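Its first residue numbered 807, the sequence shown is counted upward by one per residue in the numbering used here. Just so it is clear, CB atoms sit at the ideal spot from N, CA and C, and this is done for glycine as well. Small disclaimer: the values here were computed from a predicted structure and weren't measured.
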Amino acid sequence: MSCPFSGAALNGMFPTPNTNGNNSSTKDKNKPEKLTYGNYLHLDQVLGSNVMQSELHGDPIHDEHLFITVHQVYELWFKQILYEMDSVREMLSSIPVDESHMLLINTRMGRINMIMKLLLEQVHVVETMTPFDFSAFRCYLGGSSGFESYQFRVLENKLGIVPSWRTSYAQKSYTHVHHGPYLEDIKQAEKEPSMLNLVERWLERAPGLEEDGFNFWARFSDSVERMLEDKSDEVKNIENEAEKEIAKAEYETLKETFDSILDVSIHDKLRTRGERRLSHKALQGALLISFYRNEVRFHQPYQFLSLLMDLDSLLMKWRSNHMLMAQRMIGSKAGTGGSSGYQYLRSTVSDRYKVFVDLFNLCTFHLPPAYIPQLPRRVKRMLSIPNSPQMPTVDMERLSLAFKKRMEEDSHKELSVQEENSA
Ligand code: HEM
């Protein structure tokens, strides 16, 4: 496809706004405007929207221009992130997820993460402003605050942050500053299946979890039992009493750790406390994918899990950068939005706001290679080709068995015909 500005082909084809930025041409309402760089991008509106409050008050403060630009750029990128995330959520919504979409899902997740990296860096642009420069126009900001960014709230909700995990803000709901359609969007995003819900559902169906198939969980549980028995024997064989005590304590911790995943009731308790987010079955799926990540069918899923952790990390780093920048600018003063400021922001740099916390903790349950259950040949074959609903997988083993059976039946028939003939 050619660039819309490269030739005359597209010129005049679109009803575009005039260069004044409004949609009604004053010259001739029926004649479409010539497509230009400016009106294609609606630059009049975009560039005309940096309105400095200090200037309106007859006291122009140079740095307010930067402050507005940075916030506007953030909002544009938030919009793009939401756009990409909606498409990923849509692809994850089908049951089962079409595995041929995994590359596109990962490409879009990678894009979201790239944007997040830009957003992290932008905090440093704000830091080129001194606290004196900021305080010179802060009085013109009134009660407005980044806390009111409704796109940021929609983004958090679409990722999977639920209201009960949030730290309280001046003893009020996080939505108390939002009204009308903005509030509706935030509430709608609370109700829709979030990335966390969709990833959970997808993980629960990971191939290899089937109890009548590979039954990964039974094999994993056996391996853990074997590993703990070996460890216990090692402890028993230690002769030095002091060393034995240390090894015993280590063994108990290890056992407790693995009990927390093998015993579903412990897992569910941790889940109610918000320390774990994924269902037990989904956690099994995540472990399965991470153990057998080198199998072709798990390449993209494993990368997807890494990208989800990257996104969580980047958001956490943004929260941290923003918190430090806010402290540098306002110290321990209250925020313009009415929160305690730095203290409030510090409370958000925590695992409560880490959506995929279970993926970060997955390696707690990794087993030494010798204890990882071996894949039978049949399962290895099943994991060597990606599955797609449009391309039903062929169970080669069953196919060759059926073929063998038919050959046997045919030769049997042939034999009986020969016998009949000779009789
Ligand atoms: C001088 C620069 C900045 C300062 C001093 C500052 C300070 C604060 C403070 C104190 C809060 C807590 C709410 C309140 O009481 O107001 C807050 C929240 C917030 N700010 Fe900023 N901010 C700055 C720049 C930015 C920028 C550039 C963005 C980009 C969009 C941003 C986005 C947010 C968001 C999304 C929240 C809500 C965070 C949450 O509730 O988890 N801020 N900011």
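#### Entry: alpha helix (DSSP H) runs wholly inside the region 1044-1102, at least 4 long, in chain order
1047-1068, 1070-1078, 1086-1097
### Query
What number of angstroms, rounded off, separates the C-alpha of Q928 from the C-alpha of M897?
31 Å
### Query
Is the beta carbon of Y1150 within less than 7 Å of some heavy atom of the ligand HEM?
yes
### Message
Going by C-alpha to C-alpha distance, which of I1178, S1153, P1179, P1192 sits closest to T973?
### Response
S1153
#### Entry: Test item: CB-CB of F1171 and I1067 under 8 Å
yes
### Query
Run through DSSP, which three-state label would Y975 get?
In the structure shown, Y975 sits in a strand (DSSP, three-state: E or B).
### Query
Are the region 934-948 and the region 857-877 touching, with three or more C-beta to C-beta distances below 8 Å?
In short, these stretches touch, since the Cβ pair count reaches three.
### Query
Cβ of I921 within 8 Å of Cβ of Q977?
no
#### Entry: Beta-carbon proximity of W971 to G864, cut-off 8 Å
The answer is no: Cβ separation not under 8 Å.
### Three-state class that DSSP yields for R1152 in the structure shown
Helix.
### Query
Is L1120 near K923, with beta carbons less than 8 Å apart?
yes
### Query
By Cβ distance, which residues of its chain are closer than 6 Å to V953, with the 5 residues on each side in sequence left out?
The residue asked about is misnamed: residue 953 is Phe in this sequence, not Val. Answer for F953: G1143, listed in chain order.
### Query
Do N963 and A995 have their C-beta atoms within less than 8 Å of each other?
In this structure, A995 lies closer than 8 Å to N963 by Cβ.
### Y975 versus G1147, S1085, L1130, M1188, residue with shortest Cα-Cα distance
G1147
### Message
the ligand HEM and V932: does any heavy atom of the ligand fall closer than 7 Å to the residue's C-beta?
### Response
yes
### Query
Looking at the structure shown, is G1019 part of a helix, part of a strand, or coil, going by DSSP?
coil
### Message
Is E1145 near the ligand HEM - that is, is its Cβ less than 7 Å away from at least one heavy atom of it?
### Response
What sits at residue 1145 in the sequence shown is Ser, not Glu. At least one heavy atom of the ligand HEM is nearer than 7 Å to the Cβ of S1145, so yes.
### For E962, the first and last residue of its enclosing alpha helix (DSSP H)
956-965
### Supposed contact pair V1161 and R1077 - C-beta distance, whole angstroms, cut 8 Å
Going by Cβ atoms, the distance from R1077 to V1161 rounds to 14 Å, so no, they are not a contact pair.
### Query
Alpha carbon to alpha carbon, how far is Y1177 from G1019?
20 Å
### Task
Go to M1188, then tell me how far its alpha helix (DSSP H) extends in each direction, as first and last residue.
Per DSSP, M1188 belongs to the alpha helix (DSSP H) from 1183-1188.
### Message
Nearer than 7 Å: is that true of the beta carbon of Y956 relative to any heavy atom of the ligand HEM?
### Response
No heavy atom of the ligand HEM is found nearer than 7 Å to the CB of Y956.
#### Entry: Nearest-angstrom Cα separation, counted from F1104 out to Y988
39 Å
### Query
For R1007, which of helix, strand or coil comes out of DSSP?
helix
### Task
Look at the alpha carbon of E1031 and the alpha carbon of R1134, and state the distance between them as a whole number of angstroms.
52 Å
### Query
Would the C-beta of T1154 count as close to the ligand HEM, meaning under 7 Å from any of its heavy atoms?
yes
### Query
Between L1189 and V1102, which are expected to be in contact by the criterion C-beta below 8 Å, what is the C-beta distance as a whole number of angstroms?
7 Å
### Query
Hey, would you say the C-beta of F953 is under 7 Å away from at least one heavy atom of the ligand HEM?
yes
### Message
Which residue wins for smallest C-alpha separation from P1175, given the options D1116, F1097, L965?
### Response
F1097
### Buried or exposed (CB count within 10 angstroms, at least 16 for buried), V903
Label assigned to V903: buried.
### Task
Would you tell me roughly how many angstroms separate the C-alpha atoms of A1053 and K1042, rounded to the nearest one?
9 Å
### Message
Determine whether the beta carbon atoms of L1015 and F1022 lie at a separation below 8 Å.
### Response
yes
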